[in-house]
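One structure is given here, and the rest of the page talks about it.
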């Protein structure tokens, strides 16, 4: 065994394998003179140290060891693939989190905690992706199925065991920080929109002041532009429009819960190509420009 390049063999095997390889699987590569477990682990440690200056790393997950691109360089490496990574609905991720932290858990328990019904599509998707499986049935009337996470769930999220899941206190702190960041971003967008509306209002005011000095053709163009923003029946002006836009957006934001419930029935928003539910953000609101048609 001393003549065999143990480290190189292990490195090549992990590189060629489509799935993580455990120490036992690595030892099975040798028909005769199988190396000792300690020797295999020593080789793995040496490989891991050599990856420190490389763009990829040796990562240990629940199923074993694998090579993967370091997260610091994923922004550039991901451009090799045209397909965007899948995005999952909030309802699906909440359901998965409850299974991970409360397993084994029934569907009824999940619905009781979330306060809404769990879509059958969500449970089916989690099972099809091999993130969740049925591990038994509760000994109560109806014998509801008990769900738990799988080894593939740990591999997908780069975990060796459930002990590596962040604590609930860490999640609360992270969630609070994200909510504050979202509020700051929304405030910036609102202010940006109001500044843009104010600038357009000033331009319109200058146009009105110079109406007597322009040709008939320019006058007609100005009237056409004005008709896009003003209602003949209600006489909406720029100031009223500026006040109305934030209120409409607030109404849309208050209906977010109903949209999330719709997400639960549609399962994954980004994956379902039949019908995607979207919430219009402030940044997506655009006023008609000079080229707009009546």
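Residue numbers (our numbering): 63 to 356. Think of the CB as a built atom: it goes at the ideal place given N, C-alpha and C, for glycine as much as any other residue. Fair warning: this is a prediction, and the values are worked out from it, not measured in the lab.
Inset, instruction - Report the residue from 213, 157 and 195 whose alpha carbon sits nearest the alpha carbon of residue 180. - result: The count along the chain shown starts at 1 and reaches residue 180 at position 118. Minimum Cα distance to residue 180 is reached at 157.
Inset, instruction - Please say whether residue 128 and residue 82 have beta carbons closer to each other than 8 Å? - result: Locating residue 82 in the chain shown gives position 20, counting from the first residue. Locating residue 128 in the chain shown gives position 66, counting from the first residue. A Cβ-Cβ contact shorter than 8 Å links residue 82 with residue 128.
Inset, instruction - Please state if the CB of residue 162 and the CB of residue 211 are separated by a distance shorter than 8 Å. - result: Translated into the one-based positions of the chain shown, residue 211 becomes position 149. Translated into the one-based positions of the chain shown, residue 162 becomes position 100. Yes.
Legend entry - Alpha carbon of residue 84 to alpha carbon of residue 143, nearest angstrom: As a first step, residue 84 is located in the chain shown; it is residue number 22 there, counting from the start. As a first step, residue 143 is located in the chain shown; it is residue number 81 there, counting from the start. CA-CA distance, residue 84 to residue 143, rounds to 28 Å.
Legend entry - Where the beta strand (DSSP E) through residue 174 begins and ends: Position 112 of the chain shown, counted from the start, is the residue given in the question as residue 174. Unbroken run through residue 174 is the alpha helix (DSSP H), 169-176; no beta strand (DSSP E).
Inset, instruction - Determine contact between the stretch 202-216 and the stretch 169-178, defined as no fewer than three beta-carbon pairs at a distance below 8 Å. - result: Contact between the stretch 202-216 and the stretch 169-178 is present, because at least three Cβ pairs lie under 8 Å.
Inset, instruction - Throw me the rounded Cβ distance for the residue 102 and residue 222 pair, which I believe falls under 8 Å. - result: The residue given as residue 102 occupies position 40 in the chain shown. The residue given as residue 222 occupies position 160 in the chain shown. That belief does not hold up - the Cβ atoms of residue 102 and residue 222 are roughly 17 Å apart, past 8 Å.
Legend entry - residue 74 versus residue 91 - alpha carbon distance: Working through the chain shown from its first residue, we reach residue 74 at position 12. Working through the chain shown from its first residue, we reach residue 91 at position 29. So the alpha carbons of these two residues sit roughly 11 Å apart.
Inset, instruction - Return the residue from the list 225, 119, 125 and 110 that minimises the CA-CA distance to residue 87. - result: Start at 1 with the first residue of the chain shown, and residue 87 comes out as number 25. When only C-alpha atoms are compared, the closest one is 125.
Legend entry - Alpha-carbon spacing of residue 145 relative to residue 193, whole angstroms: Taking the chain shown and counting its residues from 1, the one referred to as residue 145 is at position 83. Taking the chain shown and counting its residues from 1, the one referred to as residue 193 is at position 131. Straight across, the Cα-Cα distance linking residue 145 with residue 193 is about 22 Å.
Inset, instruction - Just the C-alpha distance for residue 138 and residue 218, rounded to the nearest angstrom, thanks. - result: The count along the chain shown starts at 1 and reaches residue 138 at position 76. The count along the chain shown starts at 1 and reaches residue 218 at position 156. Taking the straight line joining both Cα atoms gives about 20 Å.
Legend entry - Limits of the beta strand (DSSP E) - the one that residue 210 falls within: Your numbering for residue 210 matches position 148 in the chain shown. Residue range 207-211 is occupied by the beta strand (DSSP E) that includes residue 210.
Inset, instruction - Taking only runs that begin and end inside the stretch 116-170, name each unbroken beta strand (DSSP E) of 3 or more residues, in chain order. - result: Scanning the stretch 116-170 from its first residue to its last, the whole beta strand (DSSP E) runs of 3-plus residues come out as 118-123 and 126-131.
Inset, instruction - Answer with buried or exposed for residue 187, where buried requires no fewer than 16 other C-beta atoms within 10 angstroms of its C-beta. - result: Taking the first residue of the chain shown as position 1, residue 187 is located at position 125. The residue is buried, with at least 16 neighbouring Cβ atoms inside 10 Å.
Legend entry - Start and end residues, alpha helix (DSSP H) containing residue 99: Sequence index remark: in the chain shown, residue 99 carries index 37 (1-based). Unbroken alpha helix (DSSP H) run through residue 99: 99-112.
Legend entry - residue 229 to residue 164 span [Cα, whole Å]: The residue you call residue 229 lines up with position 167 of the chain shown. The residue you call residue 164 lines up with position 102 of the chain shown. Computed Cα separation, rounded: 12 Å.
Inset, instruction - With a 10 Å radius around its C-beta and 16 neighbouring C-beta atoms as the bar for buried, classify residue 77 as buried or exposed. - result: Counted from its first residue, the chain shown places residue 77 at position 15. Taking all protein chains in view, the Cβ of residue 77 is surrounded by fewer than 16 other Cβ atoms within 10 Å, so the residue is classified as exposed.
Legend entry - Selection from 104, 113 and 80 that minimises the alpha carbon distance to residue 68: What you label residue 68 is simply residue 6 of the chain shown in a count that begins at 1. For residue 68, the nearest C-alpha among the options comes from 104.
Inset, instruction - With DSSP collapsed to three states, give me the class of residue 186. - result: One-based indexing of the chain shown puts residue 186 at position 124. Helix at residue 186.
Legend entry - Per-residue burial, residue 121 [other beta carbons within 10 Å of its own, 16 or more giving buried]: Taking the first residue of the chain shown as position 1, residue 121 is located at position 59. Residue 121 should be labelled buried.
Legend entry - Beta-ladder partner(s) of residue 195, from DSSP: Residue mapping note: residue 195 aligns to position 133 of the chain shown, counting from 1. Residue 195 pairs with 210.
Legend entry - residue 221 (DSSP reduced to helix, strand or coil): Reading the chain shown from its first residue, position 159 is the one you call residue 221. Here residue 221 sits in coil by DSSP.
Legend entry - Among 114, 150, 71 and 153, nearest to residue 134 - alpha-carbon criterion: Mapped onto the chain shown, residue 134 falls at position 72. Among 114, 150, 71 and 153, the Cα nearest to that of residue 134 belongs to 114.
Legend entry - residue 140 classed as buried or exposed, judged by whether at least 16 other C-beta atoms fall within 10 angstroms: For this step, residue 140 is matched to residue 78 along the chain shown. Under this definition residue 140 is an exposed residue.
Inset, instruction - Drop a sphere of 10 angstroms on the beta-carbon of residue 313, count the other beta-carbons inside from all chains shown, and report buried for 16 or more, exposed for fewer. - result: Sequence index remark: in the chain shown, residue 313 carries index 251 (1-based). Since pLDDT at residue 313 reaches only 42, below the 50 mark, its modelled position is unreliable, and the value read off the structure follows with that caveat. It is exposed - the Cβ of residue 313 has fewer than 16 other Cβ atoms within 10 Å.
Inset, instruction - Could you check the C-alpha separation between residue 176 and residue 71 for me, to the nearest Å? - result: Looking up residue 176 in the chain shown gives position 114. Looking up residue 71 in the chain shown gives position 9. Cα to Cα, the separation comes out at about 49 Å.
Legend entry - Candidates 117, 153 and 107, of which the one nearest residue 184 by Cα: In the chain shown, counting from the first residue as 1, residue 184 sits at position 122. Checked all of 117, 153 and 107; the closest Cα to residue 184 is 153.
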